[in-house]
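This report refers to the structure that appears directly beneath it.
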Amino acid sequence: MTNRSRSFRVPDKPSLDGIEAKWVDAWDESGVYHFDRQASREDVFSIDTPPPTVSGSLHIGHVFSYTHTDTIARFQRMRGKTVFYPMGWDDNGLPTERRVQNYYGVRCDPTIPYDPDFTPPAKPDPKKQVAISRRNFVELCHRLTVEDEKVFEGIWRKLGLSVDWRHTYATIDESSRATAQRAFLRNFQRGEAYMSEAPTLWDVTYRTAVAQAELEDRERPGAYHRVAFHRPDGTPVHIETTRPELIPACVALVAHPDDERYQDLFGSTVRTPLFDVEVPVKAHRLAEPDKGSGIAMICTFGDITDVTWWRELQLATRPIIGWDGRVVAEPPAGVDSAAGREAYAHLAGATVHTARERVVAMLRESGDLDGEPRPITHPVKFYERGDKPLEIVTTRQWYLRNGGREPELRDRLIERGREFTWYPPHMRARYDNWIEGLNGDWLISRQRFFGVPFPVWYPLDSNGNPRYDAPVLPDEATLPIDPSSDVPPGYTEEQRGQPGGFTGDPDVMDTWATSSLTPQIAGGWQRDPDLFDRVFPMDLRPQAHDIIRTWLFATVVRSHFEHDTVPWRRAALSGWILDPDRKKMSKSKGNVVTPIDLLEKYGSDAVRYWAANGRPGTDTAFDEGQMKIGRRLAIKILNATKFALSVAGSDTEAELDPATVTEPLDRSVLAVLADVVEDATAAFDTFDYTRALERTERFFWNLCDDYLELVKVRAYETDAPAGASARTTLLIALSTLHRLFAPFLPFVAEEAWSWWQEGSVHAASWPEASQLRTAAVDGDPGVLAATSEVLRAIRRAKSEAKLSMRAEVERVVVTGKSVDAARVARGDISAAGRAATLEFELTDDPELRVDVTLPPGSEQSSQPSAG
RNA sequence: GGGCGUGUAGCUCAGUUGGUCAGAGCCCCCGCCUUACAAGCGGGUGGUCGGAGGUUCGAGUCCUCUCGCGCCCACCA
1 MTNRSRSFRV PDKPSLDGIE AKWVDAWDES GVYHFDRQAS REDVFSIDTP
51 PPTVSGSLHI GHVFSYTHTD TIARFQRMRG KTVFYPMGWD DNGLPTERRV
101 QNYYGVRCDP TIPYDPDFTP PAKPDPKKQV AISRRNFVEL CHRLTVEDEK
151 VFEGIWRKLG LSVDWRHTYA TIDESSRATA QRAFLRNFQR GEAYMSEAPT
201 LWDVTYRTAV AQAELEDRER PGAYHRVAFH RPDGTPVHIE TTRPELIPAC
251 VALVAHPDDE RYQDLFGSTV RTPLFDVEVP VKAHRLAEPD KGSGIAMICT
301 FGDITDVTWW RELQLATRPI IGWDGRVVAE PPAGVDSAAG REAYAHLAGA
351 TVHTARERVV AMLRESGDLD GEPRPITHPV KFYERGDKPL EIVTTRQWYL
401 RNGGREPELR DRLIERGREF TWYPPHMRAR YDNWIEGLNG DWLISRQRFF
451 GVPFPVWYPL DSNGNPRYDA PVLPDEATLP IDPSSDVPPG YTEEQRGQPG
501 GFTGDPDVMD TWATSSLTPQ IAGGWQRDPD LFDRVFPMDL RPQAHDIIRT
551 WLFATVVRSH FEHDTVPWRR AALSGWILDP DRKKMSKSKG NVVTPIDLLE
601 KYGSDAVRYW AANGRPGTDT AFDEGQMKIG RRLAIKILNA TKFALSVAGS
651 DTEAELDPAT VTEPLDRSVL AVLADVVEDA TAAFDTFDYT RALERTERFF
701 WNLCDDYLEL VKVRAYETDA PAGASARTTL LIALSTLHRL FAPFLPFVAE
751 EAWSWWQEGS VHAASWPEAS QLRTAAVDGD PGVLAATSEV LRAIRRAKSE
801 AKLSMRAEVE RVVVTGKSVD AARVARGDIS AAGRAATLEF ELTDDPELRV
851 DVTLPPGSEQ SSQPSAG
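Going by full-length UniProt numbering, the letters in the first sequence line up with residues 1 to 867, in that order.
Okay, here's the thing in structure tokens:
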């Protein structure tokens, strides 16, 4: 705490202008946020930073949650950890494809050959997208993501994230592709990944399979159609369906085994209307007697329940929906009659919507539609990025086991969720909930272009058909590979696509199949084992709570298989940003404010202040008012610092040694501050950065409002020990506050710190309560409280008399049980309140009463303090 | 249908094991150029802590029921 040089560099007019740019550059040059890779594991705090999707613009929600993580990173760094704080960019996958299509006005057509001289249209025409090869398309993806990433990095730097910018990755870069492919190959070789041809949820717009985790329900209008099937004797059996167009895909009817109405039907057959196909009537527990007529048609496939019935009842397969979402040209097996085939011909090639209209028309004509369709609104499954309902088609796909089919693995993964700490704890329920609801393994292949290819080739038999049972795998050392351009061991390029030759797997991985490996990617798994050992498992996974089912869960799965451990020690879940109407902010509603505008308008510290006021895991309202307050706080810190330093700087003789703190009021302040430090530290240790900020802020404002006013006069007394006591206290408090604020307001803390300290505040040590207690000696927190109380009463009297705070006070009488606590600071009270006479009377009253007498001529006021 | 969370001054929110816990900031009102700060400072008015029971000497704080809101999940013909 000693500072002999007293070489304070306090500006005449403190200002926040330009401090972001100033300190971003300074931090970059000094490398204050660099990870020390010589550090041993126990000295490391490693963060599995979420890679933001760069294909969209940065949302204020990003600023919110990344600020939370940054406060933790800064706190840990100041506590002596070397912080591994990388930044990743999630640039692979469909969002990038969409952005590239719109940005350049192109679309990918894998059948077109590569054009090395291709340049995108100067003026993209969204209605006439230029078809280009897959390689050209991927090149544009790379080009645009590089640009987007620069913009993102600029915003992160301006926000003041203490990221080590030497450690960045992109989920499509070479290292990520190699990591994803290596992990996949190992999963495959251990039997954790497998290929299967099965009914798959399918998005007809993007023409790709999607996983359970990517589904969402949307309420859509529909209608119940009451349709007659026919028993052998011609009597009708009515079913109700919302999807009459699937009647040609019907393979059975089903009712609950206990449903008395249908007992005589079980085991018999009925014929479908229009298509005249004989289908069995089955009993199954999932059929609900009180839904519709209690008997349902099973189609291949209308929904997931159909798949369950189809599998468990071992029914026929009659798919009619193609990959493009249209009714396929040829009727399925079973639709054999002339009438059936003719009816089907009306549907072939039609969209689902059109097919439904035509079927309804035909049913009406044939008399098999009982009454009119009854309109309803019902939930329909959608791909979360899609805009047409999902269909279910049978395709060959890659899967990764995730407990969806195995109770033992499911239980093990739920246990894994208990092996790390959740902040806040209740978020773990969502994890358990999700795993318990899994209904199949993780489908990881996508029929898309910009992603990590499956590192697999297949031999072609003499007829040119792929031998999926005998895949050819690359050597790990050659990763990453692209099977569409690289040649498998033992083959030549000329054999590609030829009978007896080979073909590459055309699919790419689900984006989560790559991002579930961020700890491995960022930590240098296999690429840099020395680094990996120092950072893995990571100390912290910060993320949003809406992707527990995807990112968090998937990361646990991968780590479980590959490392037999959890990937991190803690997971911190952040909440949403809500607009003032309490709705989640979203682009479509046009209520999104650009982060950069806010950073410019209020300053980065102010925006961070708002963000830090959002508690962990709690949704928070977007509130510019909080940013204004944050800005005010930042300015106040500069001004208070200027004041304290100018006072202390006027003392050229005294040693600023803790031992010079002798006045009871000063010791009281340090005792209170020790409590604040203790509280803030404990809060940070449980990731409650909000509480740490609140405590710090409250102390700071009280210090400014009361203590600074109380000691203003005394602190200027250069010859008296009491003056040195005040000055030392001011500097100790200042040093402590600068450090307490540093995780939240890194710019202003650094600016103020730089006026009087060497080095960066962000490399300084976190304050120790014990040191403050030592300096406080016998400091009694009650002294500051009682003294402030008296000062407030004097101010109140002046205010009510409409007098200036400079007005003289004739007499102040303090009575109560605890007058001694105020009496010890009578000099400061007298000076700050401009009270000529101060009297203290000890009474039994537990409340302190303060009677203030103003001089004759002024409006008088005399009343008890509110206590 | 199952699960989780939440409901405290007009607004945004603190209230950690039940006993100065009825608070802070914003807003509003009234004052003040006070040599760190007028983009400031001082003072003040606002609430039967969603509702109803219960436990207790004592409950925003624990229990039960109930209402509202938000989110997650679900095999939703």
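All C-beta atoms, glycine included, are put in the ideal place defined by N, C-alpha and C.
Check residue i in the structure and name its three-state DSSP category.
i, result
"tyrosine 602", "helix"
"tryptophan 23", "helix"
"serine 162", "coil"
"serine 516", "coil"
"isoleucine 444", "coil"
"aspartate 258", "coil"
"threonine 837", "strand"
"leucine 730", "helix"
"phenylalanine 64", "helix"
"phenylalanine 700", "helix"
"isoleucine 629", "helix"
"aspartate 780", "coil"
"tyrosine 33", "coil"
"methionine 509", "strand"
"arginine 326", "strand"
Can you pull the DSSP bridge partners for residue i?
i, result
"threonine 171", "According to DSSP, which records beta bridges pairwise, threonine 171 is partnered with nothing at all."
"tryptophan 457", "Val472, Gly504"
"glutamine 181", "DSSP lists no partner for glutamine 181."
"threonine 662", "BP columns for threonine 662 are empty, so no partner."
"tryptophan 310", "Paired residue(s): none; tryptophan 310 is not in a bridge."
"serine 574", "Ala544"
"lysine 282", "Val254"
"tyrosine 423", "Ala572"
"isoleucine 47", "Leu540"
"cysteine 299", "Cys250"
What are the boundary residues of the alpha helix (DSSP H) that residue i is part of?
i, result
"valine 557", "553-563"
"leucine 253", "Element bounds for leucine 253: not the alpha helix (DSSP H) but the beta strand (DSSP E), 250-255."
"serine 485", "Segment: none, serine 485 is in no alpha helix (DSSP H) and carries neither H nor E."
"tyrosine 344", "338-345"
"histidine 353", "352-366"
"proline 746", "746-754"
"valine 711", "708-715"
Would you decide whether residue i is buried or exposed? Buried here means 16 or more other CB atoms lie within 10 Å of its CB.
i, result
"leucine 842", "exposed"
"lysine 128", "exposed"
"alanine 343", "buried"
"arginine 448", "buried"
"tryptophan 156", "buried"
"valine 151", "exposed"
"glycine 437", "exposed"
"glutamate 697", "buried"
"asparagine 613", "buried"
"threonine 652", "Since pLDDT at threonine 652 reaches only 47, below the 50 mark, its modelled position is unreliable, and no value is offered."
"valine 850", "buried"
My assumption, with CB atoms under 8 Å, is that residue i sits in contact with residue j. Please give the rounded CB distance.
i, j, result
"lysine 158", "glutamate 29", "Actually they do not touch by this definition, with Cβ atoms about 16 Å apart."
"leucine 540", "aspartate 48", "7 Å"
"tyrosine 103", "proline 124", "7 Å"
"residue 886", "tryptophan 442", "It is not possible to answer for residue 886, since the shown part of the chain is limited to 1 through 867."
Check for me: the beta strand (DSSP E) holding residue i runs from which residue to which?
i, result
"glutamine 543", "538-544"
"valine 814", "809-816"
"lysine 381", "374-383"
"glycine 222", "215-230"
"arginine 107", "106-108"
"residue 870", "Any question about residue 870 goes unanswered here, given that the chain covers just 1 to 867."
"leucine 400", "391-400"
"alanine 821", "Run containing alanine 821: none in the beta strand (DSSP E); it sits in the alpha helix (DSSP H), 819-823."
"phenylalanine 84", "82-84"
"alanine 333", "Where alanine 333 is concerned, there is no enclosing beta strand (DSSP E), given that its DSSP letter is neither H nor E."
"proline 236", "236-241"
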